[in-house]
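Residue numbers (the working numbering): 184 to 601.
In structure tokens, the structure reads:
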């Protein structure tokens, strides 16, 4: 009992010390923390809120891109405003962005604070206590202690797994170590004390590129970043020797073998009275690049369906089959203002030395603002197996044509009947 009491006392001491540490950090750095607001000019009301923190003595503030994305896309509609810890308000000027890592730097030109955050030269150790600062739900600045758990495995672009609450309004706030040095930036939450942070080295890179970036318009910056990201993504996906895996015990489908494309499956095998047996595997990235409320890009989605209905006529089977595949669509969110209409080509296709004949449709649409980038949608349905069928479908968001073509060839070569 005595040992248990000592252990509980020690745990209580640790908790008290962590709370005191958090409070001290907050009190010291509060003058360099800001609420970032997007103000709709027509109504003079807040449209979005987030957090930001000063990173230099001359007024540069870091935040998330998604906090100020409305202004980046529609500068005639919004202004960016700050409020400091004393309630002072003023305007901010957008300087540069990194849409891939959801970062932005804005400039405060009045009420400058002499103190600013220092960015750490080292990453935390796994299990280290770190502290997230921000403005949750417009309730005022707070500090949330949590634990550094390394980088998220299932992410193409690095994200830190943080055991702590990153609540709405805290986006763009700093995450610091026990010395008050920035080791990450708040970006998202998955609930249940699971948060995600942008590693501090991504902010360092943006700062180091600042002089060359600010010479370009925000649209130019975004376009160049999207092109570089999709080249890196597809080069990595295409670099490996794709494996294949069994699907519904009837076919083989591709497995690119990267952690950030995850697959899930389902079937109606639990419904023996169903008119048609159906199985589906969906493989997709759990992340995309956020540009605006109406545009996300930079993702890969693949989907496979198997259908079988040996007890019905071939004509009836194809009626049901056609109804099942007519709902295919692109995997990303986009509005008609941002892209052209899809242009599609239909053909009967097959791959040499493979035992499958398909009716295939390839559709492509161009980005209006970010020229040279396209969304591609492919769907292929087998037409030669009477009362069973195989459908393969993929979409690529925000890619160049030559890389899309390379992906298409690799994909088609990997789908076949057993």
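Just so it is clear, CB atoms sit at the ideal spot from N, CA and C, and this is done for glycine as well.
Values in this document were obtained by computation on a predicted structure and should not be read as measured data.
CA nearest to the CA of residue i, picked from the options
i, options, result
"residue 213", "561, 304, 326, 552", "326"
"residue 331", "366, 583, 295", "366"
"residue 616", "442, 562, 324, 426", "Nothing can be reported for residue 616, as the shown portion of the chain is limited to 184 through 601."
"residue 221", "250, 207, 579, 215", "250"
"residue 411", "432, 555, 509", "555"
"residue 603", "406, 395, 279, 496", "Absent from the structure is residue 603, since the part of the chain shown begins at 184 and ends at 601."
"residue 531", "505, 567, 293, 300", "567"
"residue 328", "322, 314, 336", "314"
"residue 598", "495, 464, 481", "464"
"residue 666", "231, 346, 282", "Nothing about residue 666 can be reported from this structure: the residues present for the chain run from 184 to 601 only."
"residue 354", "368, 347, 362, 346", "368"
"residue 389", "587, 591, 248", "248"
"residue 229", "291, 260, 497", "260"
"residue 291", "445, 503, 238, 601", "238"
"residue 543", "592, 498, 210", "592"
"residue 415", "497, 503, 495, 582", "582"
"residue 432", "528, 211, 600", "600"
"residue 301", "348, 362, 498, 312", "362"
"residue 269", "455, 210, 509", "210"
Cβ-Cβ distance between residue i and residue j below 9 Å
i, j, result
"residue 224", "residue 264", "no"
"residue 226", "residue 235", "no"
"residue 577", "residue 483", "yes"
"residue 541", "residue 511", "no"
"residue 579", "residue 417", "yes"
"residue 136", "residue 352", "The first residue shown for the chain is 184 and the last is 601, placing residue 136 beyond what the model contains."
"residue 358", "residue 380", "yes"
"residue 356", "residue 317", "yes"
"residue 468", "residue 500", "no"
"residue 323", "residue 413", "no"
"residue 573", "residue 430", "yes"
"residue 419", "residue 339", "yes"
Cutoff 8 Å; reference residue i; Cβ partners in own chain excluding five residues on either side
i, result
"residue 334", "341, 342, 343, 344, 382"
"residue 461", "450, 451, 488, 489, 490, 507"
"residue 594", "437, 485, 561, 575, 577"
"residue 308", "331"
"residue 589", "417, 421"
"residue 310", "330, 331, 332"
"residue 185", "Because the pLDDT at residue 185 is just 49, under 50, the model does not fix this residue reliably, and the value given afterwards should be weighed accordingly. Excluding sequence neighbours, residue 185 sits near nothing in its chain."
"residue 444", "420, 466, 467, 468, 483, 485"
"residue 189", "Below a pLDDT of 50, predicted positions are generally treated as unreliable, and residue 189, at 41, falls in that range; no measurement from the model is reported."
"residue 197", "Here the model assigns residue 197 a pLDDT of 45, short of 50, so the residue's position is not dependable, and the following value carries that caveat. Contacts found: none."
Beta bridge counterpart(s) of residue i as assigned by DSSP
i, result
"residue 365", "302, 359"
"residue 530", "543"
"residue 491", "460, 571"
"residue 295", "Paired residue(s): none; residue 295 is not in a bridge."
"residue 417", "Partner(s): none; residue 417 has no beta bridge."
"residue 584", "In the DSSP output, where bridge partners are listed per residue, residue 584 has none listed."
"residue 237", "244"
"residue 328", "314"
"residue 219", "233, 265"
"residue 559", "547, 579"
"residue 434", "430, 600"
"residue 281", "286"
"residue 334", "343"
Own chain, CB closer than 6 Å to residue i, minus 5 neighbours either side, in chain order
i, result
"residue 195", "In this prediction, residue 195 scores a pLDDT of 44, lower than 50, which makes its location untrustworthy; the coordinate-derived value is nonetheless stated afterwards. So the list is empty, once near-sequence residues are dropped."
"residue 295", "242"
"residue 493", "570"
"residue 193", "Caution applies to residue 193, whose pLDDT of 45 falls short of 50 and renders its modelled position unreliable; the model cannot decide the point."
"residue 267", "217"
"residue 558", "513, 548, 580"
"residue 447", "465"
"residue 336", "442"
"residue 377", "none"
"residue 406", "553"
"residue 586", "417"
"residue 523", "548, 549"
"residue 187", "Since pLDDT at residue 187 reaches only 44, below the 50 mark, its modelled position is unreliable, and the value read off the structure follows with that caveat. Excluding positions up to five away in sequence, the list is empty."
Cβ-based neighbour list, residue i, same chain, cut-off 7 Å, excluding 5 preceding and 5 following
i, result
"residue 521", "477, 478, 550, 551, 552"
"residue 298", "214, 215"
"residue 428", "435, 436, 438"
"residue 277", "251, 254, 255, 263, 287, 289, 401"
"residue 303", "360, 364, 365, 366, 383"
"residue 240", "297, 299"
"residue 424", "none"
"residue 403", "none"
"residue 199", "Legend: pLDDT at residue 199 = 48, less than 50; position of this residue unreliable, value from coordinates given subsequently. Excluding sequence neighbours, residue 199 sits near nothing in its chain."
"residue 271", "294"
C-beta neighbour in chain D for residue i, strict 9 Å
i, result
"residue 331", "Annotation note: the requested chain D is absent from the structure, which comprises a single protein chain."
Exercise. Pair every Cβ in the stretch 545-553 with every Cβ in the stretch 517-533, then say whether three or more of these pairs are closer than 8 Å.
Key: yes
Quiz item: Is it true that the stretch 278-295 meets the stretch 377-394, where meeting means three or more beta-carbon pairs spaced less than 8 Å apart?
Solution: yes
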